[in-house]
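Asks:
Numbering (our numbering), first residue to last: 5 to 174.
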């Protein structure tokens with residue numbers, strides 16, 4: 005049966021959720037799991053949601069210095085399969101005000117860049133940058149300081165580049 009253990013040996017049974025407080029020494033952490041189940045990992049800085057990832061025994065995620073806690077939950081139901089192609093979903097909601105979620109999938113561990121541009125092609129911000137494990141990932145785009153309009157978001161991972169557009173309405 006798949007399981008997770010924390011530093012004290014506490015075991016999380018299949019079908020349970022584990023809330024983990026992260027104390028880092030300045031070095032990025034790598035999370036990997038053992039077993040045949042797929043998990044979602046939500047990363048937080050304090051109470052601020054940073055991103056969500058899908059991970060199984062074949063993948064890992066790198067946890068940056070800003071992360072102070074994570075929630076690891078076993079996935080249940082139909083959508084536990086890892087993707088076989090690179091996918092960049094349409095943001096949700098769209099149109100949005102002031103924030104939206106952008107979800108993407110990686111068929112294998114990849115170096116990822118997720119950038120946002122305004123309609124004239126000017127760089128607005130970088131939402132993801134670095135190595136990520138295979139699986140589904142979600143990041144939040146907060147546009148509270150931006151003007152209404154159409155924005156483009158571009159995922160570059162492996163040999164793939166995928167671009168979509170989204171609309172901010174204030």
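All residues carry an ideal CB built from backbone N, CA and C; glycine is no exception.
Please state the DSSP three-state secondary structure of residue 161.
Replies: Here residue 161 refers to the residue found at position 157 of the chain shown. DSSP places residue 161 in strand when its eight states are reduced to three.
Asks: Evaluate residue 167 with the Cβ neighbour count: other Cβ atoms within 10 Å of its Cβ, from every protein chain shown; 16 or more gives buried, anything less gives exposed.
Replies: Working through the chain shown from its first residue, we reach residue 167 at position 163. Classification for residue 167: exposed.
Asks: Assuming the contact rule is C-beta atoms closer than 8 Å, residue 155 and residue 108 should be a hit. Round their C-beta distance to whole Å, please.
Replies: Position 151 of the chain shown, counted from the start, is the residue given in the question as residue 155. Position 104 of the chain shown, counted from the start, is the residue given in the question as residue 108. That belief does not hold up - the Cβ atoms of residue 155 and residue 108 are roughly 16 Å apart, past 8 Å.
Asks: Below 8 Å, how does it come out for the region 130-147 and the region 99-108: are there three or more Cβ pairs, yes or no?
Replies: Segments in contact, yes.
Asks: For the putative contact between residue 72 and residue 34, defined by C-beta atoms under 8 Å, what is the C-beta separation to the nearest angstrom?
Replies: Position 68 of the chain shown, counting from 1, holds the residue named residue 72. Position 30 of the chain shown, counting from 1, holds the residue named residue 34. At roughly 17 Å, the Cβ-Cβ gap does not stay under 8 Å, so residue 72 and residue 34 are not in contact.
Asks: Assuming the contact rule is C-beta atoms closer than 8 Å, residue 59 and residue 43 should be a hit. Round their C-beta distance to whole Å, please.
Replies: In the chain shown, residue 59 corresponds to position 55, counting from 1. In the chain shown, residue 43 corresponds to position 39, counting from 1. The Cβ separation is near 5 Å, so the contact holds.
Asks: Output the distance between the C-alpha atoms of residue 52 and residue 163, rounded to the nearest integer angstrom.
Replies: Your numbering for residue 52 matches position 48 in the chain shown. Your numbering for residue 163 matches position 159 in the chain shown. Cα-Cα distance, rounded: 32 Å.
Asks: Return the residue from the list 136, 138, 117 that minimises the CA-CA distance to residue 129.
Replies: By one-based count along the chain shown, residue 129 stands at place 125. The option with the nearest alpha carbon to residue 129 is 117.
Asks: Going by DSSP in three states, residue 109 sits in which element: helix, strand or coil?
Replies: Here residue 109 refers to the residue found at position 105 of the chain shown. Strand at residue 109.
Asks: Take residue 153 and list the residues in its own chain whose beta-carbon comes closer than 7 Å to its own, dropping the five residues that flank it on each side.
Replies: Locating residue 153 in the chain shown gives position 149, counting from the first residue. Hits under 7 Å: 122, 123, 172.
Asks: For residue 78, count neighbouring C-beta atoms within 10 Å of its own C-beta (all shown protein chains included) and say buried if the count is 16 or more, exposed if not.
Replies: Along the chain shown, read from residue 1 onward, the residue named residue 78 stands at position 74. By the neighbour-count rule (16 or more Cβ atoms within 10 Å), residue 78 is buried.
Asks: Quick check on residue 133: buried or exposed, where buried means 16 or more other Cβ atoms within 10 Å of its Cβ?
Replies: Mapped onto the chain shown, residue 133 falls at position 129. When all chains shown are included, residue 133 counts as exposed.
Asks: On a CA-only basis, which of 93, 67, 97, 115 is nearest residue 30? Give me that one, please.
Replies: As a position in the chain shown, residue 30 is number 26, starting the count at 1. Nearest C-alpha to residue 30: 67.
Asks: Taking 9 Å as the cut-off, decide whether the C-beta atoms of residue 119 and residue 110 are in contact.
Replies: Position 115 of the chain shown, counted from the first residue, corresponds to residue 119. Position 106 of the chain shown, counted from the first residue, corresponds to residue 110. No, these two residues do not count as a Cβ contact at 9 Å.
Asks: Figure out for me which residue from 113, 150, 137, 49 has the closest Cα to the Cα of residue 75.
Replies: As a first step, residue 75 must be located in the chain shown, where it is residue number 71. Checked all of 113, 150, 137, 49; the closest Cα to residue 75 is 49.
Asks: Indicate the three-state DSSP secondary structure (helix, strand or coil) for residue 148 in the structure shown.
Replies: Residue numbering aside, residue 148 sits at position 144 when the chain shown is read from its first letter. Coil at residue 148, not helix or strand.
Asks: State the DSSP-derived secondary structure class of residue 129, mapped to helix, strand or coil.
Replies: Position 125 of the chain shown, counting from 1, holds the residue named residue 129. Three-state result, residue 129: strand.
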